Structure formats: C-alpha cells, structure tokens
Amino acid sequence: MSTLSKEQLISLENKAHALRNTIVDTVLHAGSGHLGGALSMIDAVTLLYYRRMNINRQDPGWPDRDRFIMSKGHAGIGFVSVLADLGYIQPEDLKTFNLTGSKLGIHLDATKVPGVDASTGSLGHGLSIALGLAIAAQMTGRDYLTYCLLGDGECNEGAVWEAAMAIGNRNQNNLITMVDRNHAMLDGNTEDVMKLEPFQDKWAAFGFYAQTVNGHDFAAMDRAIEEALARKDKPTCLILDTVKGAGVDFAAGDYRWHYGAINQELAQQAHESLERYHQKRIAALKGA
Ligand SMILES: Cc1ncc(C[n+]2csc(CCOP(=O)(O)OP(=O)(O)O)c2C)c(N)n1
Numbered sequence: 002m003s004t005l006s007k008e009q010l011i012s013l014e015n016k017a018h019a020l021r022n023t024i025v026d027t028v029l030h031a032g033s034g035h036l037g038g039a040l041s042m043i044d045a046v047t048l049l050y051y052r053r054m055n056i057n058r059q060d061p062g063w064p065d066r067d068r069f070i071m072s073k074g075h076a077g078i079g080f081v082s083v084l085a086d087l088g089y090i091q092p093e094d095l096k097t098f099n100l101t102g103s104k105l106g107i108h109l110d111a112t113k114v115p116g117v118d119a120s121t122g123s124l125g126h127g128l129s130i131a132l133g134l135a136i137a138a139q140m141t142g143r144d145y146l147t148y149c150l151l152g153d154g155e156c157n158e159g160a161v162w163e164a165a166m167a168i169g170n171r172n173q174n175n176l177i178t179m180v181d182r183n184h185a186m187l188d189g190n191t192e193d194v195m196k197l198e199p200f201q202d203k204w205a206a207f208g209f210y211a212q213t214v215n216g217h218d219f220a221a222m223d224r225a226i227e228e229a230l231a232r233k234d235k236p237t238c239l240i241l242d243t244v245k246g247a248g249v250d251f252a253a254g255d256y257r258w259h260y261g262a263i264n265q266e267l268a269q270q271a272h273e274s275l276e277r278y279h280q281k282r283i284a285a286l287k288g289a
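For the sequence shown, position 78 (counting from the first letter as 1) is numbered 79 according to the numbering used here, and the numbering increases by one without interruption.
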C-alpha cells in the first residue's frame, strides 16, 4: 500500500510535468539531445528526489545523503533538470548544456556538477559503483541508501551482470537497482538488437527479488520501493516498465528519438503534447 495521498501524487505529477518541459527546452538550447531516455526515466527520478531520497538541498555533498547513480549516463539531460530545480546548479546553466566550455557536458561530470554522485556515460559501470557505495555505507556505519538506475539496452554490457552477481552474493539490500525498461535502445528495440527477455527471471536468477512495475506510476513505484526496503532476505531489482519519449507524441515509443535534434517548431509541438499528457495524468489521479 503506497502511503502517498492524492495530493502528493498530484504534486509529483506537477513536478514531473515541469521537468519534462525543462528537458524539451534544454534539448532545444543544446540543439539536440537524448530526449527519449530522459523522458522515460523522469517519473522514477522525480519519485526518488521529491519523495524517497534523504538529501540536503543546502549541502549536495552531505555524507549521510542517499546516493543516486544514474548508470544510463547519456540521460544527463534529464538529470540536470532535477539538479537545477533542486538549486544545485542555476537554471541559467541549463542553456549551456553540452555547449563548448560548459560545466554541463552531455555526460555529467561528478567533479564539476554538484549533486552528481558519479561520472557515468560509458555504459555498464554504474551498478558496480553503486555496489561500492553501498558497501562503503556498511563499512563506515552510515545508513544511507544507494539507488542505481540502468537502461535496459545498457544491460547488454557484461559488467552489469558481474555487479548483479556480487550484489546477489552479498545480499546487498541497502542498494536498490532500477532498470528503465523502455524496450528501446540506440539503434533499435531491445528485443531486436539483443534479446533481454525473460528479463525479470534473469535478475531473479542472480539472487534478486525482481519485480516489474509501471515506471510512470508514482504510487506503484513507491509501493515497490517500500516493499524492497522491508525485505531483508534478498536485494531488489525494480524493472520499470516505461515508454521511451513518454509524453511527446512524435517521439513516444520510437527508438529513433533516442537522440535527436529539435527546432522551435518541434519544441512547440512537444510542449503541446506534454500539456495533453499531463492533463490526462492529472485527470486519472483525480479520478483515482
Ligand atoms: C560502453 C558504451 N557503449 C556504447 C555507448 C553508446 N550508447 C549510448 S546510449 C546507448 C544505448 C543505451 O540504451 P538504453 O540503456 O536502453 O538507454 P535508454 O533507452 O534508456 O536511453 C548506447 C549504445 C556508451 N555510451 N557506452
């Protein structure tokens, strides 16, 4: 049972809507960007940063903060919208995203951007980094949690499964693994490029309590995290069933919008589509 009230769900949706619009604006300023994978994950990241994670907005490096490793580092254009909203960077900085000389590179650099717990972008490494942070919490007697978000296409990388094997072996349950299962990667749909199914069974075979949840449903994800935290017998993997490009009708479900360029006209179309998407989601929440 999620403890989120209707008001909290609506507030999360309003936040996610604002972040989705910021993503489109940032892609427009940058000229191009990873629109699809930023939009598929933004609901999950919204839930983490505005509901679940213990962070200190005044001190992004607070040692007891919960950690977030965005292993699918190419979706930095989505993560920066959160960092700007939290005040870790200036909203004005977003206009420099991926431009020459900017501290905001297409893959975020943890040494330059406050609030980024690890530099990622070379796929396959985030889960091992997250495991290291989770082990460090135990070794230093801290009770922070580590969340790691992977892409489904990223799971083609062998290193993901080495980390998974170690997490299962150690029953590392101060770490929550999440996979953005948007069914698409850079050059095709996952099942056409490199089959992942039966995906949930694979995580289970590595010793995880694996669940598939709707990655656009705050209540469902929140319940799944609650359940994960209550279990002590196995580490958890949440497979987030999502839509690549969610909310932007010309991009939704189309792997070709993994990375793309938008002009003013397309940006306007995207904002209009996001408004319709948001209104539908708000109506569903109000009716729930
Ligand atoms: C080691 C490595 N190989 C290749 C790439 C290029 N690359 C960037 S994104 C991507 C596809 C990733 O697919 P997925 O994880 O499903 O991303 P999402 O759909 O969630 O954006 C690839 C192959 C990379 N960043 N790192």
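Each residue gets a CB set at the ideal place from its N, CA and C atoms; glycine is no exception. Keep in mind the model is a prediction, meaning the values are calculated, not measured.
I'd like to check one pair, Met54 with Asp44: are the Cβ atoms closer than 8 Å?
Not in contact: Asp44 and Met54 (Cβ atoms no closer than 8 Å).
CB of Leu259 to nearest heavy atom of ligand 1: below 7 Å?
Contrary to the premise, residue 259 reads as His rather than Leu in this sequence. Yes; taking the cut-off as 7 Å, the Cβ of His259 has a heavy atom of ligand 1 nearer than that.
Ordered along the chain, which non-local residues of its own chain (more than five positions away) have a Cβ less than 7 Å from that of Ala76?
Closer than 7 Å at the Cβ level, and outside the excluded window around Ala76, lie His35, Gly38, Ala39 and Met42.
Grouping DSSP H, G and I as helix and E and B as strand, with all else coil, what is Gln9?
If DSSP states are grouped into helix, strand and coil, Gln9 belongs with the helices.
Determine the extent of the alpha helix (DSSP H) in which Gln265 is found, giving its start and end residues.
Run containing Gln265: Gln265 to Gly288, per the alpha helix (DSSP H) assignment.
With DSSP run on the structure shown, which of helix, strand or coil describes Ala167?
Here Ala167 sits in helix by DSSP.
So, for His30: in the same chain, excluding its five sequence neighbours on each side, which residues have a beta-carbon less than 6 Å away from its beta-carbon?
Correct list, in chain order: Lys96.
Say whether the segment 48 to 64 touches the segment 91 to 108, bearing in mind that this needs 3 or more beta-carbon pairs closer than 8 Å, one atom from each stretch.
Contact between the segment 48 to 64 and the segment 91 to 108 is absent, because fewer than three Cβ pairs lie under 8 Å.
Following a CB-centred definition, is Gly159 positioned closer than 7 Å to any heavy atom of ligand 1?
No, the beta carbon of Gly159 sits no closer than 7 Å to any heavy atom of ligand 1.
With three or more C-beta pairs closer than 8 Å as the rule, is the segment 254 to 271 touching the segment 12 to 31?
Judged by Cβ distances under 8 Å, the segment 12 to 31 makes contact with the segment 254 to 271, as three or more pairs qualify.
Return the CA-CA distance between Leu146 and Val244, expressed in angstroms with no decimal places.
Approximately 27 Å between the Cα atoms of the pair.
At which residue ranges does the segment 219 to 267 contain complete beta strand (DSSP E) runs of 3 or more residues, listed in the order of the chain?
Counting only runs of 3 or more, we get 237 to 242.
List, from N- to C-terminal side, the alpha helix (DSSP H) runs of 4 residues or more that fit wholly inside the segment 110 to 187.
Listed in chain order, the complete alpha helix (DSSP H) runs (minimum 4 residues) inside the segment 110 to 187 are 127 to 140 and 159 to 171.
Within its chain, find whatever has a CB closer than 6 Å to the CB of Ile168; leave out the 5 residues flanking it on each side and keep chain order.
Leu132 and Pro236.
Less than 7 Å between the CB of Glu155 and some heavy atom of ligand 1, yes or no?
Answer for Glu155: yes, Cβ within range of ligand 1.
Is Asp181 close to ligand 1? I mean its beta-carbon at under 7 Å from any heavy atom of the ligand.
Result yes, Cβ under 7 Å from ligand 1.
Are there any heavy atoms of ligand 1 lying less than 7 Å away from the beta-carbon of His35, as far as the coordinates show?
His35: yes, Cβ under 7 Å from ligand 1.
For ligand 1, is there a heavy atom less than 7 Å away from the beta-carbon of Gly152?
Result yes, Cβ under 7 Å from ligand 1.
Work out the CA separation of Leu124 and Gly74 for me, nearest whole Å.
Roughly 7 Å separates the two Cα atoms.
Do the CB positions of Cys149 and Ser72 come within less than 8 Å of each other?
The answer is yes: Cβ separation under 8 Å.
Which two residues bound the contiguous alpha helix (DSSP H) that contains Met42?
Its alpha helix (DSSP H) spans residues Leu36 to Leu48.
Would you check if the segment 113 to 128 and the segment 153 to 172 touch, i.e. whether three or more CB-CB distances between them fall below 8 Å?
Taking 8 Å as the limit for Cβ pairs, the verdict is that the segment 113 to 128 does touch the segment 153 to 172.
DSSP puts Thr213 in a beta bridge; with which residues?
According to DSSP, Thr213 bridges with Ile240.
Could you check the C-alpha separation between Asn57 and Gly88 for me, to the nearest Å?
The straight-line gap from Cα to Cα measures roughly 11 Å.
Based on the DSSP output, what are the partners of Arg68 in its beta bridges?
Paired residues: Thr147.
Near Trp204, which residues of its chain fall below 6 Å by C-beta distance, leaving aside the five closest residues on each side in sequence?
Closer than 6 Å at the Cβ level, and outside the excluded window around Trp204, lie Ala211 and Cys238.
Could you work out which residue in Asn99, Ala111, Asp218 and Pro115 is closest to Leu84 when comparing CA atoms only?
Answer by Cα proximity: Pro115.
Name, in chain order, the residues that DSSP records as bridge partners for Ser33.
Ala262.
Quick one: what does DSSP say Asn15 is sitting in, helix, strand or coil?
Helix.
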